[in-house]
Ligand SMILES: Nc1ncnc2c1ncn2[C@@H]1O[C@H](COP(=O)(O)OP(=O)(O)O)[C@@H](O)[C@H]1O
Ligand SMILES: [Mg+2]
């Protein structure tokens, strides 16, 4: 085996320049494909990451009716017993986060706006999503204080600030009317753009009482140790809650399918580019293998004459094809990883930056390090190599020894 | 039993378009230890005959037997294996793998035969010494002269321990000195180790060294004479 590997390897360097050019072309295709994907996915990953930590959790427990009608009427009873059950459902469950959430009107006495009101536990939030890091002024409240923290956009619109009083108007559980006054203890810059204009945080206990929903939650957000454990932890949770026919478990892809669809849609462009690039590079690769085969027909004839089997000879040519493919992919992956690390995140400046800021985004383009964008390139190039290899394979198996010797 | 025997061997190229009768009813028998030369002008069918007895091509009619085994009915894979274990080949040029050293070229055939790895190196070195290339073991074909390359090819043919060695015009692209040197080596192998050689040539000096000369004219055997090479050509 070693001899065949040596033979294939040395054969590659019979024409150094040709091999180098082919390898570089493959590496180039890999780099461009990875960068295109990485740039496109980077922003989505950031969005998803924020949505997961601020809005949904990797997993979430809800009342089974809540998905159809997101109303306080469909909140669920949450006590120590349920908490224990969830925590013990799977030892990969690291954090849980209780929330009560509803839509209300927020007013300053003169004008009013729609607000998404969250009853939260600031300590637990902070462990889950570093909430306190986003505070811009004042402080977060105690669990049963009659207080509120406003997102910056909401505060601006209502022209309220720390120390002012916020009025909340709306309905509690089962149509109970709910209206109250809350002292603003702090302001925060919410990392999700839409939320920054409508989020109002209240202490969980205060919110439950205010909304006639004592001991009730609309969602229990859950984080496993690692993202990829989401599905198996979901399965364990469903098992643990199987006698509770009111409660359902959702995973984050189930909770925000639109975002994932949008990402897929946005990746279609780079994928098409990748395909075109690979078709071009594939022809170059094919050309190299074609000439490497044709210029050695006589040599192949001699080897078959002295008794080398066609499959063994094919194996040598296969190794040659594989080596070119591997060298191209490995170089491409290493260089693209290096490039990503070097330029991530891309900070926009000047007018471009201002345009992005005006649209309400950060002027930063994050890049993705998702491993699949690297190995999918490897798979693509390998498939191309297999396709390219068909030619020498076909040539070898119909090679006539006598004609090869005369060529 | 004859080591190699042909019976009414014929070959017609392009039978459907412009038929070329390259070989006509050739029946010869070669014994172990012979040093036979197939001679004749260009186009007389020497290469065709060697290709057929070497199992590289199929006859139109007639039989080839190697130690009584008929090779006609063998499938491609079987035939390849048969060649590997029974026949040594030396061609006019491009015999060697250019990226392998002399020693690697000789070892390679033993590797194909699955010979004992331990002994391969040793045997390759020994054979290269025997063909006078003891100090050129690590040279690769592009660094070797034509004569050296042909000697490596002979060493490779010997390495597979074949029943006989077929050499199609092995000296045709060599100068006189290299050609005589190659012939000396082949002759010594024949005398010392009783290796059977069948080689084709149209070079009179090479013909003079053979102990049996089969002459082809237009694809048919014109004469077949045994002689003592020391006496020179005594037709
Ligand atoms: N593959 C082939 N197709 C057609 N004709 C061939 C082929 N090989 C050899 N011939 C013809 O067969 C005859 C014998 O050729 P060959 O055996 O090569 O002779 P030699 O080796 O004695 O020069 C020649 O007329 C040659 O042109
Ligand atoms: Mg010839």
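Protein chains in written order, with my numbering: chain A, 1 to 407; chain B, 1 to 235.
The beta carbon of each residue, even a glycine, is placed where N, CA and C say it ideally should be.
Rounded to the nearest whole angstrom, the CA to CA distance from residue 294/A to residue 84/B is 24 angstroms.
Relative to the non-hydrogen atoms of ligand 1, the Cβ of residue 369/A never comes closer than 7 angstroms to any of them. Residue 125/B is outside the set of residues whose beta carbon lies under 8 angstroms from a beta carbon in chain A. Between the stretch 83-95 of chain A and the stretch 228-248 of chain A there are three or more C-beta pairs closer than 8 angstroms, enough to call the two in contact. Judged by beta-carbon spacing, residue 187/A lies within the 8 angstroms limit of residue 152/A, meaning their Cβ atoms are closer than that value.
Taken in chain order, the complete alpha helix (DSSP H) segments of 4 or more residues contained in the stretch 288-355 of chain A are 297-306 and 310-343. In this structure residue 270/A is buried. Its beta-carbon is surrounded by 16 or more other beta-carbon atoms within 10 angstroms. Counting only runs of 3 or more residues that sit fully inside the stretch 117-199 of chain B, the beta strand (DSSP E) segments are 164-168, in chain order. With respect to the 8 angstroms criterion, residue 336/A and residue 39/A are not classified as neighbours on the basis of their beta carbons. Closest by C-alpha distance to residue 109/A, out of 257/A, 252/A, 367/A and 168/A, is 168/A. Secondary structure at residue 201/A: strand, using DSSP grouped into helix, strand and coil. Of all residues in the stretch 298-323 of chain A, only 298, 299, 302, 303, 304, 305, 306, 307, 308, 309, 310 and 312 place a beta-carbon less than 8 angstroms from a beta-carbon of chain B.
In terms of Cα proximity to residue 314/A, the closest of 334/A, 333/A, 292/A and 330/A is 292/A.
In the displayed model, residue 207/B falls within a helix according to three-state DSSP. Taking every protein chain shown into account, the CB of residue 218/A has 16 or more other CB atoms within 10 angstroms, so this residue is buried.
Between residue 338/A and residue 379/A, the alpha-carbon positions lie close to 20 angstroms from each other. Neighbours of residue 199/B in chain A, taken as residues whose beta carbon is under 9 angstroms from its own, are absent, since the nearest beta carbon is some 16 angstroms off.
With a cutoff of 8 angstroms on beta-carbon distance, residue 196/B and residue 5/B are scored as not near each other. Note that the C-beta distance between residue 100/B and residue 70/B is not below 8 angstroms. Contact with chain B is found for residue 11/A, since one of that chain's Cβ atoms lies less than 8 angstroms from the residue's Cβ.
Approximately 6 angstroms separates the beta-carbon atoms of residue 182/B and residue 147/B; this is inside 8 angstroms, confirming the contact. Here the alpha carbon of residue 227/B sits roughly 52 angstroms from the alpha carbon of residue 319/A. A distance below 8 angstroms separates the beta carbons of residue 100/A and residue 75/A.
Within the stretch 192-251 of chain A, the complete alpha helix (DSSP H) segments at least 4 residues long are 204-210 and 230-240, listed from N- to C-terminus. Counting only residues of its own chain and dropping the five nearest sequence neighbours on each side, residue 151/B has a CB closer than 7 angstroms to the CB of 131, 132, 133, 182 and 185. The three-state reading of DSSP puts residue 42/A in helix, counting H, G and I together. Residue burial is scored here from C-beta neighbours: residue 143/B has fewer than 16 other C-beta atoms within 10 angstroms and is therefore classed as exposed. For the pair of segments examined, the stretch 323-337 of chain A was found not to touch the stretch 298-307 of chain A: the number of CB pairs separated by less than 8 angstroms stays below three. For residue 401/A, the C-beta contacts it makes with chain B under 7 angstroms involve 56, in order along the chain. Relative to the non-hydrogen atoms of ligand 1, the Cβ of residue 86/B never comes closer than 7 angstroms to any of them. Around the C-beta of residue 274/A, 16 or more other C-beta atoms lie within 10 Å, and the residue is accordingly described as buried. Proximity of residue 80/B to chain A, defined by a Cβ-Cβ separation below 8 angstroms, is satisfied.
By the CB criterion at 8 angstroms, residue 279/A and residue 392/A fall outside the cutoff.
When the Cα atoms are used, residue 34/B and residue 224/B turn out to be separated by approximately 13 angstroms.
DSSP lists 217/A as the beta-bridge partner residues of residue 76/A. At least one C-beta of chain B is nearer than 8 angstroms to the C-beta of residue 7/A.
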